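*Asks:* Chains as they are written, first to last, in my numbering: chain A, 176 to 921; chain B, 58 to 384. Note that beta-carbon positions come from the ideal geometry of N, C-alpha and C, so glycine has one too. Remember, predicted model here, so these are calculated numbers, not experimental data. My questions will all concern the structure given below.
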Amino acid sequence: MGKELFNPGEKDALDRVDGRQKVTGAAKYSAEYQLPNLAYGVLVSSSIAKGTIKSIDTKAAERAPGVVGVISHVNSIKVPGFADNEHPTEPPTGGRPLRAFYDNRVYFNGQPVAIVVADTLERAQYGASLVKVAYVKEQHTTDFNANTGKAVLPAQAKKNPKSSLNDYDRGQPDGYKTAPVKIEAEYHHPSEMHNPMELQSITAVWEADDKLTVYDKVQGTKPTQRAFATEWKIPVENVKVISKFVGGAFGNGLHNWPHETAAIIAAKQLKRPVKVAITREQMFTMVGYRPQTHQKIGIGATPDGKLVGITHESVGQTSTYEEFTESVLQQTRMMYTSPNLSTRYRLLPLDVSTPIWMRGPGEATGAFALESAMDELAHVLNIDPIEFRLKNYTEKDPDNNLPWSTKYLKECYQMGAERIGWNKRRMQPGTLKEGDWLVGYGMGVGTFGAHRGGATVRAKLHADGRLVMQCAVTDIGPGTGTAMVQIASTTLGIEPSQIVFELGHSDYPMFGNQGGSSTVNSVGSAVQAACNSLKQKLKDLASAKNASLTTADPKNISIKNGQLTITDNSLNVALADFFKQNNLQEMEVTEESKPGQEANKYSKYSFSVHFAEVHVHPKTGQVRVKKVVTGADAGTIISWKTAANQMIGGVTGGIGMALQEDAFMDHRFGRYVTKDFAEYHVPVHADVPHIDVFFVDKPDYIVDPIGTKGLGEIAIIGVAPAIANAIFNATGKRIRELPITADKLI
Amino acid sequence: MIQFQYIRASTQKTAIETTAKDATAMFIAGGTNLVDLMKRGITTPQKLVDINNLPLKNIDASTGRIRIGALALNSAVAENKLVLDRQPLLAQALNAGASAQLRNMATVGGNMMQRTRCPYFYDTAMPCNKREPGSGCGALEGFNRMHAIFGFSDKCIAVNPSDMNVALVALDATVHIAGPKGNRTVPFINFHRLPGDLPQKDNNLEKGELITAVEIADNPFNKHVHYLKIRDRASYAFALVSVAAALHLDGNTIKGVRLAMGGVAHKPWRLTEAEKALVGKTVSEGTFRQAAEIAMQGAKGFKYNSFKLKMGPNAIVEALKTAAGIV
Numbered sequence: 176m177g178k179e180l181f182n183p184g185e186k187d188a189l190d191r192v193d194g195r196q197k198v199t200g201a202a203k204y205s206a207e208y209q210l211p212n213l214a215y216g217v218l219v220s221s222s223i224a225k226g227t228i229k230s231i232d233t234k235a236a237e238r239a240p241g242v243v244g245v246i247s248h249v250n251s252i253k254v255p256g257f258a259d260n261e262h263p264t265e266p267p268t269g270g271r272p273l274r275a276f277y278d279n280r281v282y283f284n285g286q287p288v289a290i291v292v293a294d295t296l297e298r299a300q301y302g303a304s305l306v307k308v309a310y311v312k313e314q315h316t317t318d319f320n321a322n323t324g325k326a327v328l329p330a331q332a333k334k335n336p337k338s339s340l341n342d343y344d345r346g347q348p349d350g351y352k353t354a355p356v357k358i359e360a361e362y363h364h365p366s367e368m369h370n371p372m373e374l375q376s377i378t379a380v381w382e383a384d385d386k387l388t389v390y391d392k393v394q395g396t397k398p399t400q401r402a403f404a405t406e407w408k409i410p411v412e413n414v415k416v417i418s419k420f421v422g423g424a425f426g427n428g429l430h431n432w433p434h435e436t437a438a439i440i441a442a443k444q445l446k447r448p449v450k451v452a453i454t455r456e457q458m459f460t461m462v463g464y465r466p467q468t469h470q471k472i473g474i475g476a477t478p479d480g481k482l483v484g485i486t487h488e489s490v491g492q493t494s495t496y497e498e499f500t501e502s503v504l505q506q507t508r509m510m511y512t513s514p515n516l517s518t519r520y521r522l523l524p525l526d527v528s529t530p531i532w533m534r535g536p537g538e539a540t541g542a543f544a545l546e547s548a549m550d551e552l553a554h555v556l557n558i559d560p561i562e563f564r565l566k567n568y569t570e571k572d573p574d575n576n577l578p579w580s581t582k583y584l585k586e587c588y589q590m591g592a593e594r595i596g597w598n599k600r601r602m603q604p605g606t607l608k609e610g611d612w613l614v615g616y617g618m619g620v621g622t623f624g625a626h627r628g629g630a631t632v633r634a635k636l637h638a639d640g641r642l643v644m645q646c647a648v649t650d651i652g653p654g655t656g657t658a659m660v661q662i663a664s665t666t667l668g669i670e671p672s673q674i675v676f677e678l679g680h681s682d683y684p685m686f687g688n689q690g691g692s693s694t695v696n697s698v699g700s701a702v703q704a705a706c707n708s709l710k711q712k713l714k715d716l717a718s719a720k721n722a723s724l725t726t727a728d729p730k731n732i733s734i735k736n737g738q739l740t741i742t743d744n745s746l747n748v749a750l751a752d753f754f755k756q757n758n759l760q761e762m763e764v765t766e767e768s769k770p771g772q773e774a775n776k777y778s779k780y781s782f783s784v785h786f787a788e789v790h791v792h793p794k795t796g797q798v799r800v801k802k803v804v805t806g807a808d809a810g811t812i813i814s815w816k817t818a819a820n821q822m823i824g825g826v827t828g829g830i831g832m833a834l835q836e837d838a839f840m841d842h843r844f845g846r847y848v849t850k851d852f853a854e855y856h857v858p859v860h861a862d863v864p865h866i867d868v869f870f871v872d873k874p875d876y877i878v879d880p881i882g883t884k885g886l887g888e889i890a891i892i893g894v895a896p897a898i899a900n901a902i903f904n905a906t907g908k909r910i911r912e913l914p915i916t917a918d919k920l921i
Numbered sequence: 058m059i060q061f062q063y064i065r066a067s068t069q070k071t072a073i074e075t076t077a078k079d080a081t082a083m084f085i086a087g088g089t090n091l092v093d094l095m096k097r098g099i100t101t102p103q104k105l106v107d108i109n110n111l112p113l114k115n116i117d118a119s120t121g122r123i124r125i126g127a128l129a130l131n132s133a134v135a136e137n138k139l140v141l142d143r144q145p146l147l148a149q150a151l152n153a154g155a156s157a158q159l160r161n162m163a164t165v166g167g168n169m170m171q172r173t174r175c176p177y178f179y180d181t182a183m184p185c186n187k188r189e190p191g192s193g194c195g196a197l198e199g200f201n202r203m204h205a206i207f208g209f210s211d212k213c214i215a216v217n218p219s220d221m222n223v224a225l226v227a228l229d230a231t232v233h234i235a236g237p238k239g240n241r242t243v244p245f246i247n248f249h250r251l252p253g254d255l256p257q258k259d260n261n262l263e264k265g266e267l268i269t270a271v272e273i274a275d276n277p278f279n280k281h282v283h284y285l286k287i288r289d290r291a292s293y294a295f296a297l298v299s300v301a302a303a304l305h306l307d308g309n310t311i312k313g314v315r316l317a318m319g320g321v322a323h324k325p326w327r328l329t330e331a332e333k334a335l336v337g338k339t340v341s342e343g344t345f346r347q348a349a350e351i352a353m354q355g356a357k358g359f360k361y362n363s364f365k366l367k368m369g370p371n372a373i374v375e376a377l378k379t380a381a382g383i384v
């Protein structure tokens, strides 16, 4: 089945190395560690959006059966790092993250204000229901649409003149206004909530007064280790972070949240391990979200389709205590040749919780506006949307004038157009029908920087030919272990079944966060380096006994079925014997791999194109996405099944973004009303059609030595506009406010 | 969750007696709604009387009617041959509801008893007259996208969430009820209530009364039927609007018709006036459109649900067209 999903035919794709563990329940997630004397924590959250806590009545909860403690700002032990005015966890955002149980301030509705700990989950839940909180309310401001005029330039931009968040002009500011053909439009999407299958959870254990172990759902074990060491003012090596399996994270594990500190406080204060898994409803306020954003685009071109200018303005939502920014405008700066280009980025702080990156962060938001506007202008110009993009294709990055490391976007257009049957698309909207249903085709482009960071991998080769590698990286779902096994197998020749990649533990060698589509680029390069280092060691040992092997090409060294072979010089020996001859039990290397200066001479991006065929019922407004073709120029594809899996997941998320997801807040209370899966819709199987995935699969050795560029983000970036554009093509209705629900189409 | 007592009733009589005499006792069958409500502290029974062992699962067709036991599972009814042959509209409506997993647990009686899905009802930190009489209606000036356009009061604008109920009201079903004072029957259309001043009361069941069966008299609506549900995704979502349409045709002439809507009122909404307007007419889109206009008389939208005033009649026309086979 795997193969037909992405149809490369000749590719022999590896199954997920941990697939069996995941589908049999053997995989252990953060909330599944059963420790002696474990207690369960349930968070009580605020029911006002702004003010102070007047009093907390915990008597009934404390008397409830099984309850071992109720902790709030009233009685919480002092977190040593909280004493410093700066929040110790060094947030990836500006400002200062919420300090759990630090004082009586309420910053948003749904803020954790107390934790009830009991000997069972149910008793903790019951205890939590008995806590009565009295507030002194203050006037809150949560209404984004009513306050967009009050948005400000982010402090991060003010502090750093080089920040890409600053106002930017290329050519003449607002140059689009001089174009013979131009449009102006405003686009909006609501906040979209992080709702991976696994709820955010942590099990915290104080092994000693200054030794902390957490089983925590995070995207980086090392950054979390550092954060908690600073927070509790204990040595970094005294903190262990274990995150072996993560049931989807999509960005919400890139920040340490109050529920984590709450669990650690409770474990310390009550002197026993404490587990906290937040509820689905708490996911809506406690672990970040894609912030609602209002965008304006002015775009103009000559009648024959050459862009004259684009002005793109974005206002995003953030909290009052933290400043979350994202790169909404980057794609606009580099995707098309436009002599005049202006971007403006503003933030609106409200009495809400802090947003965080969510798959294709910023870019997915920006691409919705940009790729919709490109489609709108193409329609006005009466030019095919692909042709319009080709007329404005960039052969180098217009943002910084650097050459692309690689760019195969044209190939993506061509392959995608063929697969969807773009020739069936009518230029005139609303003219293609199937029965009563209107049929439309649309496309959208996505891009994301090809990032690479430093990574270290330890690799141990055993005498029986098994290879065991370790790295602190997490796997939030893309199949990191599988890709790493594939790289090691390709490099060393060892069968995948004989290779183990251990991850998700802060004791392992260094890697930061799994985020920004950089894992394979970074960790994969370190895996290759470690495997090459093993080869070099093997060759050195072999050459010591046989000088003719000194000139052997490392490419021709391989280990298969426990046999070490150096083909061009005809060494063929059982690895066990070879180790014995050299008095070795095993061979271990640790290699760090990081980008060099050379890469800075290029502009490095992954690209994706998404095509959608939609059917719309003109009377009932129902939309059915009938087919999606999605393709990527992401460099070398390492693991075909998991890569296709990423694309399918990204498109599914994009369908949700385009048609369904809507966190609706009642501003009278500053409280979300659509906060469970009955009201907050994400796609079900019936919403997701066949998704035809293709890859260009051409290496980019400037980004990294294995030729990859990153895939996770571009899988969703550009999907929502592809669907919106297809709906326009079907109906002639341009919906600029997501989600495009049936009521907007009747 | 608060602590509660759980009793498994072995006879209908003890089930009813136990529940009738204890103000805090409730029946539980599939539990697909009640358990959620208990988890959230919306409904807090101190005693649950499990009726799953009572012999109320049968579906049979004795003289001229289908009798469906109150404990028949939604999935069992939807695939039952008698139902598919004689009352396919009911099967269609059942399959439009919830998910396969839920239909495998939910019973017919339980489906009738499910509470509204109004988010203010579900959030104990928000006002809701249905949950806490006198606290106000959060939806009236709040998020009312899913809410009523017919029959609401200033106390409550919630809707009944069931699909099955829409088909049953269209099919003139009869509800069989057993209670401490004996047995009685209620026409389906009178089972559910409009909110009025008592939005906390969804239906006319008295304390201790138990639904034992629903009956549908044989009718000529076994051929030209359609249940159309418009929702925010292709499956597993509550109706924005839904329409149950059944036609009895003689050639192109409408000899009889049944029409009801879901997602528009506190109870499944029968469209009697529209039905009257259709009888004797010839099948055509224009005829259906006229009936749909009549059906919508008296409808009133709120801030976020006025689209139903347009989607509603369109859905009526489309459902009738599909039922008549003129799509």
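Of the choices A:242, A:243, A:249, whose alpha-carbon is the least far from that of residue 128 of chain A?
*Replies:* With chain A covering only 176 through 921, there is no way to say anything about residue 128 of chain A.
*Asks:* Restricting to Cα atoms, I'd like to know which of A:610, A:767, A:782, A:426 is closest to residue 582 of chain A.
*Replies:* Comparing Cα positions, the closest option is A:782.
*Asks:* Can you tell me whether DSSP reads residue 933 of chain A as helix, strand or coil?
*Replies:* The requested residue 933 of chain A does not occur in the structure, where chain A is confined to residues 176 to 921.
*Asks:* For the beta strand (DSSP E) containing residue 240 of chain B, list its first residue and its last residue.
*Replies:* Here the beta strand (DSSP E) through residue 240 of chain B covers 239-244.
*Asks:* Checking 8 Å against the spacing of the C-beta atoms, do residue 301 of chain B and residue 284 of chain B come in under that value?
*Replies:* Yes, they are a contact pair.
*Asks:* Verify the CB distance criterion: does residue 247 of chain A have a CB-CB separation below 8 Å to chain B?
*Replies:* Answer no: the Cβ-Cβ gap between residue 247 of chain A and chain B never drops below 8 Å.
*Asks:* Could you tell me the distance, in whole angstroms, from the CA atom of residue 246 of chain B to the CA atom of residue 183 of chain B?
*Replies:* Those two C-alpha atoms are separated by around 31 Å.
*Asks:* Please work out which residues of its chain come closer than 6 Å, Cβ to Cβ, to residue 869 of chain A, disregarding the five sequence neighbours upstream and downstream, and give them in chain order.
*Replies:* Excluding positions up to five away in sequence, the list reads 590, 806.
*Asks:* Kindly indicate if chain A contains any beta-carbon less than 8 Å away from that of residue 88 of chain B.
*Replies:* No, residue 88 of chain B does not count as interfacial toward chain A.
*Asks:* Output yes if chain A places a C-beta closer than 8 Å to the C-beta of residue 192 of chain B; else output no.
*Replies:* Not one chain A Cβ lies under 8 Å of residue 192 of chain B.
*Asks:* Where DSSP assigns a beta bridge to residue 283 of chain B, which residues make up the other side?
*Replies:* Answer by DSSP bridge pairing, in chain order: B:302.
*Asks:* Please go through the stretch 471-551 of chain A and give each complete beta strand (DSSP E) segment of 3 or more residues, from N-terminal end onward.
*Replies:* Counting whole runs of 3 or more residues, the stretch 471-551 of chain A contains the beta strand (DSSP E) stretches 482-494, 515-525.
*Asks:* For the stretch 609-633 of chain A, list every residue whose C-beta sits within 7 Å of some C-beta in chain B, in sequence order.
*Replies:* Correct list: 610, 611.
*Asks:* What is the residue span of the beta strand (DSSP E) that residue 747 of chain A lies within?
*Replies:* Here the beta strand (DSSP E) through residue 747 of chain A covers 746-749.
*Asks:* What separation, rounded to the nearest whole angstrom, lies between the Cα atoms of residue 91 of chain B and residue 119 of chain B?
*Replies:* Cα to Cα, the separation comes out at about 33 Å.
*Asks:* Fully enclosed by the stretch 770-798 of chain A, which beta strand (DSSP E) runs are 3 residues long or longer?
*Replies:* Counting only runs of 3 or more, we get 780-791.
*Asks:* For the stretch 777-809 of chain A, which residues have a CB atom closer than 8 Å to at least one CB atom of chain B, in sequence order?
*Replies:* Answer in chain order: 792, 794, 795, 796, 797, 799.
*Asks:* When Cβ atoms are compared, which residues of the stretch 850-878 of chain A fall closer than 7 Å to chain E?
*Replies:* Of the protein chains in this structure, namely A and B, none is chain E.
*Asks:* Determine, using beta carbons only, whether residue 174 of chain B comes closer than 8 Å to chain A.
*Replies:* True, the Cβ-Cβ gap to chain A drops below 8 Å.
*Asks:* Listing by chain order, which chain B residues have their CB less than 7 Å from the CB of residue 130 of chain A?
*Replies:* A query on residue 130 of chain A cannot be resolved here, the shown segment of chain A reaching from 176 to 921 and no further.
*Asks:* Could you check if residue 924 of chain A is buried or exposed, using at least 16 other CB atoms within 10 Å of its CB as the buried criterion?
*Replies:* Only positions 176 to 921 of chain A appear in the structure, and residue 924 of chain A is not among them; the question remains open.
*Asks:* Would you mind telling me which residues of chain A sit closer than 9 Å to residue 272 of chain B, beta carbon to beta carbon, in chain order?
*Replies:* Within 9 Å Cβ-Cβ: nothing; residue 272 of chain B doesn't reach chain A, min ~31 Å.
*Asks:* Would DSSP call residue 922 of chain A helix, strand or coil?
*Replies:* In the structure as shown, chain A begins at 176 and stops at 921. Residue 922 of chain A is therefore absent and cannot be evaluated.
*Asks:* So residue 345 of chain A and residue 199 of chain B are supposed to be a Cβ contact under 8 Å. How far apart are they, rounded?
*Replies:* With 8 Å as the limit, residue 345 of chain A and residue 199 of chain B do not qualify as a contact, their Cβ atoms being about 45 Å apart.
*Asks:* Run through the DSSP bridge pairs and tell me what residue 291 of chain A is partnered with.
*Replies:* In the DSSP output, where bridge partners are listed per residue, residue 291 of chain A has A:217, A:245.
*Asks:* For residue 278 of chain B, which of B:97, B:117, B:145 has the nearest alpha-carbon?
*Replies:* Ranking the options by Cα distance to residue 278 of chain B, first place goes to B:145.
*Asks:* Which residues in the same chain as residue 61 of chain B place their Cβ atom closer than 7 Å to its Cβ, once the five residues preceding and following it in sequence are excluded?
*Replies:* The residues are 102, 103, 104, 105.
*Asks:* Measure the CB-CB distance between residue 450 of chain A and residue 213 of chain A and report whether it falls below 8 Å.
*Replies:* In this structure, residue 213 of chain A lies closer than 8 Å to residue 450 of chain A by Cβ.
*Asks:* If you measure from the beta carbon of residue 199 of chain B to each beta carbon in chain A, is any gap under 8 Å?
*Replies:* Yes, contact with chain A.
*Asks:* Examine chain B for any beta-carbon lying closer than 8 Å to the beta-carbon of residue 917 of chain A, and answer yes or no.
*Replies:* Cβ-Cβ to chain B under 8 Å: yes for residue 917 of chain A.
*Asks:* DSSP three-state label for residue 805 of chain A, please.
*Replies:* Reduced to three states, the DSSP call for residue 805 of chain A is strand.
*Asks:* Determine the closest residue to residue 897 of chain A out of A:834, A:356, A:879, A:877, with distance taken between C-alpha atoms.
*Replies:* The shortest Cα separation from residue 897 of chain A among A:834, A:356, A:879, A:877 belongs to A:834.
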